[in-house]
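Student: For the record, the sequence lines run as chains A and B. Count along the first sequence from 1, then add 515; that gives the number in the numbering used here. Count along the second sequence from 1, then add 192; that gives the number in the numbering used here. For every residue, glycine included, the Cβ atom is placed at its ideal position computed from N, Cα and C. Before we start, here is the structure in question, set down as structure tokens.
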Amino acid sequence: MKFTLSWLKRHLDTAATVAEIADRLTMLGLEVESVDDPASRLNGFIVGHVLQADKHPNADRLRLCKVAAGKATLQVVCGAPNARAGLKVVLAQPGVVIPATGEALKKGNVRGVESQGMMCSWRELKLGEDHEGIIELPSDTPVGVPLTSVIHLDPVFDVSITPNRADCLGVRGIARDLAASGLGSLKPLSIEPVKGAFASPVGVSLQFSPDTADACPMFVGRSFRGLRNGESPQWLKDCLTAVGLRPISALVDITNYFTVDLDRPLHVFDAAKLNGDLHARLARPGEQLAALNGKTYALDETMTVIADDAGAQGLAGVIGGEATGVSAETTEVVLEVALFDPMRTAATGRRLAIDSDARYRFERGLDPAFAIPAMELATRMILELCGGEASQPVVAGAAPADKRSIVFRPQRVAQLGGIEVPVAEMVRILDGLGCTVSGEGESLVVAPPSWRADITAEHDLVEEVIRIHGYDAIPTLSMPRPAVVRPVLTPQQKRAGWVRRGLAVRGLVETVTWSFLPSALAAMFGGGKPELTLANPISSDLDAMRPSLLPNLLAAAGRNADRGIKDVALFEQGPQFHGDLPGEQQAMAAGLRVGRSGARHWMQAARAVDVFDAKSDALAGIAAAGGPADGLQVVAEAPAWYHPGRSGSLKLGPKTVAWFGEVHPGVLAAIDLKGPAVAFEMFLDAVPLPKAKATRAKPLLKVSPFQPIERDFAFVVDRSVAADAVVRAAKSADKALITDVLVFDLYDGSHVGEGKKSLAIQVTLQPVEKTLTDVDIEAVAAKVVDAVGKATGGALRG
Amino acid sequence: MIDLDQVRAEALDSIAGAANLEGLEQLRVALLGKKGSVTALMKSLGEMSPDERRTTGQQLNAVKEAVAQALDARKTALDASALDERLARERVDVTLSVRPEMQGRIHPISQTIDEVVAIFGQMGFAVAEGPDIEDDFHNFTALNFPPEHPARLMHDTFFLPEKEDGSRFLLRTHTSPVQVRTMLKQPPPIRVIIPGRTYRCDSDMTHTPMFHQVEGLVIDKATNMGHLKGCLIEFVKTYFEVDDVPVRFRPSFFPFTEPSAEVDIGCSRAGGELKIGAGADWLEILGCGMVHPNVLKNCGIDPDEYQGFAFGMGIERIAMLKYGIPDLRTFFDSDLRWLRHYGFLPLDVPTLTGGLTR
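What follows is the structure, given as structure tokens:
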């Protein structure tokens, strides 16, 4: 919403400066987006007097002028055709910033002659488009004074209006808020009905069924004859130009002026082009309207139109029709002042993609009580600017009755706002906003003004009082809180943090990727269900909710590879979706390693990442989440996007806690990523939460006084036997003594036979009661051999 | 008669001349071993008369002791030089690089959320969460959005396909639906913040289709706008780690709060560099207000008995302002160079006791 200072002052009597007004507007909730004050760009420009203008000695088209600028007289070279002696001009001396270029003027030398200044055009000052010649100031202008003191410059405010403040889409509404806040006083708006000179030859009517009557509750018309639709006066053209509207003709300019000035869009029809009476009705199927913007629209029966006997002539509250528009030849018009349903207006404008100042206001709601006054004010202005005479008004329907009456308890202001405002001040504020306040004591009765449809209940009045009184006046209070704050995070939230930092400690870099991805990619990862495909994606490659975090991580690795970073270690923590219900969103942590495990190094060769990196990440994630170190089963099965022979699941009973493995080469090919790539996906909520404990005490540490003993074994087993089976069997051989079993060598070469492999394990025995004798150790060793043999068919390697 | 002085002198000479530990050991054996020369002299004492034995014995013992001492001294010296030699041999070029280690990072969004949680946690706010896929009721209706509100139409809300009954799920456009879920689940008093992913169908220089918000909600019988101001001013100062940062509350409009405010913080843009703190400019950072009575009613809370405030802000926005990150879109690009530069070390856990940042 744009307006100028002088426009505001047509409604507001104030001595406040531009800065004061801007500041107050913002603190009233009418946020000032910008104030364009042309004067602020004109520092240093002064009035000059051309004393002498001779031909430049070396150039035919240039003039060499002597210009008086207060005390000094300057020599200025000028190319403007109108540079002549006696002229009062706008003069810039070196150092002054020229608004059009943003650069400071330098002392010049033009064709061998020094130029000590510049005489400016309107365009150079960004005050207009005129660049035909230099500015000619009135001959009585004092010389040497700042330009800003002799020309009228009107600052333009651009204010952003929140959707609840439809009334501030008119300059008067803004002036009213300022006045209510004490920054000046609102000038009265005198509405004197104009006596009609004749009966309107064009009638108006409402043609709706009872269930659609709310589409247009009121239609006021008035005919004019003997008009002359010429140019508007300068003040009106200046107003419109300043806010970005192009002056067209007096009648059109009047309607635009009413829209911005009083938030009251109007329409004028050229009466000579109308057929019969005007009526408001819903459009008929197949009906069309050639609109004033030069486009033709197909209408339907949800849209309200103003029609004559020939058909639709205007789209209610949105745009007028071309056929009945006014022109320079127009001498008879019909003025339309109507009330239209905001929702229908919004829907029509949206469906036809028409943005207009009228639509913007109608869909936010106009002052329903203002139709007749607006008609009278417009009548007066039309007669004033265009001459002629007005008919008696014709009115169909009536403004809906306003029955709002709100009980307002002044103490609610302190209760909600935390601020003490005297009741008299509250009444003054509400009165200033146009409310009618009655009653006294603890309960007042407030009737809000017709232009404030947003005020419907007590809390709206509380807000108005606090807003106008000023948020700055609200005291700053501390929230009451306990002396020592208790922890606030849930176990799940704490765990998510541990996993995040636990994975980062392992060298994985956290990233955040979209929750959506291309549906083709989603399908590759078990997703792409129709119920998880967006109806209105931002683009076709972000149309499916992600079924897994991996595809986005793989794509991220690809983008990094394109930048020359081939070794990638990324992880993300976030949701994945396998259904559209709240419970079908899973909290995941997923990581991806691509390329080598580290940079090349003089001491060790760079190693390609492999499935065991991913397994290690997964185990670390589970450990960070507080998952059980033991009891996790490793199963060689994983979803289709993993390499079938190099992937697995980590399970707790039937529950899968994580998948890990090499990414399937087919997936890499589809994403066009060069491997090797290994990944894991961890289901955060599959890790059991620790049991609530009464104390934080750790279990007592039991240490044995005896040294542990390590014994190595090498077993030859079938190649299909899982190492884990050998380890478990060895562990089970003597649960009291064996505390650890680890695999330290794997050999599957020809020496151990076809289809066989050799696994070397180290078994740690921890004596508990006494030092073990050789006989004891041999006995345990025999048990290990026996257990492994029984479980896996393995025999000691000969 | 053997000249013991000569024996001693010769022995000491040869010990002093021993070049290495092996030679020295041979000398020891030759002198003091079972068949050593000094040992042999000692044995010869048995053949002497008692008087002679006494005097010679004493002298001989002195020689033996001197030899033994010399052997020890020489051994210590040879040990030391052997060690020196070994150390010299073992010298490496310590300017060579260490084994490569991968350094992980925490994304600025996670770090910022942790900071925000640390601050509000200190004020007694718990952390609530909710689903990303929402329904119209939680995202709009319960929050007092009028039915014709543009956000409910195809404008900036992502919708999932329409169901048979005409309803359709959507991606939450703000974290506010979790306010509703919290109030429906838990009776007041309530003090929660709600960080999370949010979605709007918008993509340009300053908008991404997904971003993060943190929402705050306080409901009890006494919390008023003064507390709202106090709470947020305290947050701003703590979060930006700037003591004198002016904070301005300006009236605004949101369907789910009344009175509503937008909050600006002071900043300076002198020299093209943005600095949070006292300065000539204002920077909008969040929206807030007293929870609208309709929202309380929609969540089964009596607005005549309970009241409170809510606020919401963009995580990326406050991260950009604090850490000088120029471009929103880069948050979601997974550019490792960016992540390493703007990311945080895993052990930099923000706390209020230790400070939010290094």
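#1: What span of residues does the beta strand (DSSP E) with Thr819 (chain A) cover, start to end?
#2: For His1116 (chain A) versus Pro292 (chain B), is the C-beta spacing smaller than 8 Å?
#3: Roughly how many angstroms separate the alpha carbons of Cys754 (chain A) and Phe723 (chain A), rounded to a whole number?
#4: Which residues mark the beginning and the end of the alpha helix (DSSP H) in which Met858 (chain A) is found?
#5: Name the chain A residues whose beta carbon is nearer than 7 Å to that of Ala318 (chain B)?
#6: Does Asp1233 (chain A) get closer than 8 Å to chain B when you measure Cβ to Cβ?
#7: Between B:Ala222, B:Gly225 and B:Val230, which lies nearest to Ile194 (chain B) when the distance is taken from Cα to Cα?
#8: How many angstroms separate the CA atom of Ala914 (chain A) from the CA atom of Thr519 (chain A)?
#9: Using a threshold of 8 Å, state whether the C-beta atoms of Phe739 (chain A) and Val848 (chain A) are closer than that.
#10: Under 7 Å Cβ to Cβ from Ile869 (chain A), same chain only, skipping five residues before and after it: list those, please.
#11: Can you tell me whether Thr845 (chain A) is buried or exposed, with buried defined as 16 or more other CB within 10 angstroms of its CB?
#12: When the cut-off is 8 Å and only beta carbons count, does Asp435 (chain B) lie next to chain A?
#13: From Met397 (chain B) to Leu520 (chain B), what distance separates their C-alpha atoms?
#14: Name the chain B residues that come within less than 7 Å of Asp1095 (chain A), Cβ to Cβ?
#15: At what residue ranges does the segment 1136-1197 of chain A contain a whole run of the beta strand (DSSP E), taking only runs of 3 or more?
#16: Going by C-alpha distance, which of B:Pro451, B:Ser452, B:Asp473 and B:Glu450 is nearest Arg461 (chain B)?
#17: Quick one: grab the DSSP three-state call for Arg597 (chain A).
#18: For the 8 Å Cβ check, are there 3 or more pairs between the segment 281-300 of chain B and the segment 212-228 of chain B?
#19: Below 8 Å on the Cβ atoms is my contact criterion, and I expect Phe909 (chain A) with Gly718 (chain A) to pass it. Report the Cβ-Cβ distance as a whole number of Å.
#20: Against chain B, does Tyr986 (chain A) count as a neighbour if the rule is that its beta carbon must be under 8 Å from one of theirs?
#21: If we count Cβ pairs, one from each stretch, closer than 8 Å, do we get three or more for the segment 951-967 of chain A versus the segment 981-992 of chain A?
#22: Determine, using beta carbons only, whether Asn416 (chain B) and Gly933 (chain A) come nearer to each other than 8 Å.
#23: Report back the beta-carbon spacing between Val841 (chain A) and Ser764 (chain A) to the nearest angstrom; my notes put them in contact at under 8 Å.
#24: Check whether the Cβ atoms of Gln631 (chain A) and Gln590 (chain A) lie closer than 8 Å to each other.
#25: Residues in the segment 407-429 of chain B with C-beta within 7 Å of chain A's C-beta atoms, listed in sequence order?
#26: With H, G and I counted as helix, E and B as strand and the rest as coil, what does DSSP make of Arg509 (chain B)?
#27: Name the chain A residues whose beta carbon is nearer than 9 Å to that of Val541 (chain B)?
#28: Would you list, in sequence order, the uninterrupted beta strand (DSSP E) runs of no fewer than 3 residues that lie entirely inside the segment 322-401 of chain B?
#29: Say yes only if the C-beta of Ala1244 (chain A) is nearer than 7 Å to one or more non-hydrogen atoms of the ligand ADP, and no if none qualify.
#30: What are the residues of the segment 521-538 of chain B that lie near chain C, defined by any Cβ-Cβ distance shorter than 9 Å?
#31: Is Val562 (chain A) near Pro657 (chain A), with beta carbons less than 8 Å apart?
#32: At 3 residues or longer, what runs of the beta strand (DSSP E) sit wholly inside the segment 649-733 of chain A?
#33: Using the Cα positions of Gly610 (chain A) and Asn558 (chain A), report the straight-line distance between them to the nearest angstrom.
#34: The alpha helix (DSSP H) spanning His419 (chain B) covers which residue range?
#35: Residues of chain A with CB closer than 8 Å to the CB of Ala453 (chain B), please, in chain order.
#36: In whole angstroms, give me the CA-to-CA distance for Met505 (chain B) and Gly479 (chain B).
Tutor: Let me spell this out:
#1: Taking the first residue of the first sequence as position 1, residue 819 (chain A) is located at position 304. First-last of the beta strand (DSSP E) with Thr819 (chain A): Thr819 to Asp823.
#2: Taking the first sequence and counting its residues from 1, the one referred to as residue 1116 (chain A) is at position 601. Taking the second sequence and counting its residues from 1, the one referred to as residue 292 (chain B) is at position 100. A contact, by the Cβ cut-off of 8 Å.
#3: Position 239 of the first sequence, counted from the first residue, corresponds to residue 754 (chain A). Position 208 of the first sequence, counted from the first residue, corresponds to residue 723 (chain A). Approximately 38 Å between the Cα atoms of the pair.
#4: Indexing the first sequence from 1 puts residue 858 (chain A) at position 343. Pro857 to Leu867 is the extent of the alpha helix (DSSP H) around Met858 (chain A).
#5: Residue 318 (chain B) sits at position 126 when you count from the first residue of the second sequence. Those are Val1003, listed as they occur along chain A.
#6: Within the first sequence, residue 1233 (chain A) is the residue found at index 718, counting from 1. Answer no: the Cβ-Cβ gap between Asp1233 (chain A) and chain B never drops below 8 Å.
#7: Locating residue 194 (chain B) in the second sequence gives position 2, counting from the first residue. Of B:Ala222, B:Gly225 and B:Val230, the smallest CA-CA separation from Ile194 (chain B) is found for B:Val230.
#8: For this step, residue 914 (chain A) is matched to residue 399 along the first sequence. For this step, residue 519 (chain A) is matched to residue 4 along the first sequence. Distance between the alpha carbons of Ala914 (chain A) and Thr519 (chain A) is about 32 Å.
#9: By 1-based counting over the first sequence, the position of residue 739 (chain A) is 224. By 1-based counting over the first sequence, the position of residue 848 (chain A) is 333. Taking the C-beta atoms as reference points, Val848 (chain A) is found nearer than 8 Å to Phe739 (chain A).
#10: Your numbering for residue 869 (chain A) matches position 354 in the first sequence. Val833 and Ile834, listed in sequence order.
#11: In the first sequence, the residue the question calls residue 845 (chain A) occupies position 330. When all chains shown are included, Thr845 (chain A) counts as buried.
#12: For the purposes of this step, residue 435 (chain B) is identified with residue 243 of the second sequence, where counting begins at 1. No, its Cβ sits nowhere closer than 8 Å to a Cβ of chain A.
#13: Locating residue 397 (chain B) in the second sequence gives position 205, counting from the first residue. Locating residue 520 (chain B) in the second sequence gives position 328, counting from the first residue. One C-alpha to the other measures close to 8 Å.
#14: Within the first sequence, the letter at position 580 stands for residue 1095 (chain A). Per Cβ cutoff of 7 Å: Ile325, Leu352 and Phe361.
#15: The DSSP assignment places 1148-1150, 1157-1167 and 1170-1178 as complete runs of the beta strand (DSSP E) inside the segment 1136-1197 of chain A, in order along the chain (cut-off: 3 residues).
#16: As a first step, residue 461 (chain B) is located in the second sequence; it is residue number 269 there, counting from the start. The option with the nearest alpha carbon to Arg461 (chain B) is B:Asp473.
#17: Working through the first sequence from its first residue, we reach residue 597 (chain A) at position 82. Note that residue 597 (chain A) is Asn in the sequence shown here, rather than Arg. Reduced to three states, the DSSP call for Asn597 (chain A) is coil.
#18: Not touching, per the Cβ criterion.
#19: Mapped onto the first sequence, residue 909 (chain A) falls at position 394. Mapped onto the first sequence, residue 718 (chain A) falls at position 203. With the sequence shown as reference, residue 909 (chain A) is identified as Val, and Phe is not the correct amino acid for it. With 8 Å as the limit, Val909 (chain A) and Gly718 (chain A) qualify as a contact, their Cβ atoms being about 6 Å apart.
#20: For the purposes of this step, residue 986 (chain A) is identified with residue 471 of the first sequence, where counting begins at 1. Chain B contact via Cβ: present.
#21: Taking a cut-off of 8 Å for Cβ pairs, the segment 951-967 of chain A and the segment 981-992 of chain A do not touch, as fewer than three such pairs fall below it.
#22: By 1-based counting over the second sequence, the position of residue 416 (chain B) is 224. By 1-based counting over the first sequence, the position of residue 933 (chain A) is 418. A Cβ-Cβ contact shorter than 8 Å links Asn416 (chain B) with Gly933 (chain A).
#23: The residue labelled residue 841 (chain A) in the question sits at position 326 within the first sequence. The residue labelled residue 764 (chain A) in the question sits at position 249 within the first sequence. Indeed, because the Cβ distance is near 7 Å, the residues count as touching under 8 Å.
#24: Taking the first sequence and counting its residues from 1, one reaches residue 631 (chain A) at position 116. Taking the first sequence and counting its residues from 1, one reaches residue 590 (chain A) at position 75. In contact: Gln631 (chain A) and Gln590 (chain A) (Cβ atoms closer than 8 Å).
#25: Flagged, chain order: Asn416, Met417, Gly418, His419, Lys421, Gly422, Cys423 and Ile425.
#26: For the purposes of this step, residue 509 (chain B) is taken as the residue at position 317 of the second sequence. When secondary structure is reduced to three states using DSSP, Arg509 (chain B) falls in the helix class.
#27: The residue you call residue 541 (chain B) lines up with position 349 of the second sequence. Going along chain A in sequence order, the residues near Val541 (chain B) (Cβ under 9 Å) are Gly1012 and Arg1016.
#28: The beta strand (DSSP E) runs lying completely inside the segment 322-401 of chain B and spanning 3 residues or more are 351-354, 360-363 and 382-391, given in chain order.
#29: In the structure on display, the ligand ADP does not appear, and there are no ligands present to speak of.
#30: No chain C is part of this structure, whose protein chains are labelled A and B.
#31: Position 47 of the first sequence, counted from the start, is the residue given in the question as residue 562 (chain A). Position 142 of the first sequence, counted from the start, is the residue given in the question as residue 657 (chain A). Contact flag set, yes.
#32: For the segment 649-733 of chain A, whole beta strand (DSSP E) runs of length 3 or above, ordered along the chain, are 671-675 and 719-722.
#33: Stepping through the first sequence from its first residue, residue 610 (chain A) is reached at position 95. Stepping through the first sequence from its first residue, residue 558 (chain A) is reached at position 43. For Gly610 (chain A) and Asn558 (chain A), the distance between alpha carbons rounds to 10 Å.
#34: In the second sequence, residue 419 (chain B) corresponds to position 227, counting from 1. For His419 (chain B), the enclosing alpha helix (DSSP H) begins and ends at Met417 to Phe432.
#35: The residue labelled residue 453 (chain B) in the question sits at position 261 within the second sequence. By Cβ distance, chain A contributes Tyr986.
#36: Translated into the one-based positions of the second sequence, residue 505 (chain B) becomes position 313. Translated into the one-based positions of the second sequence, residue 479 (chain B) becomes position 287. Answer to the nearest angstrom: the Cα atoms are 7 Å apart.
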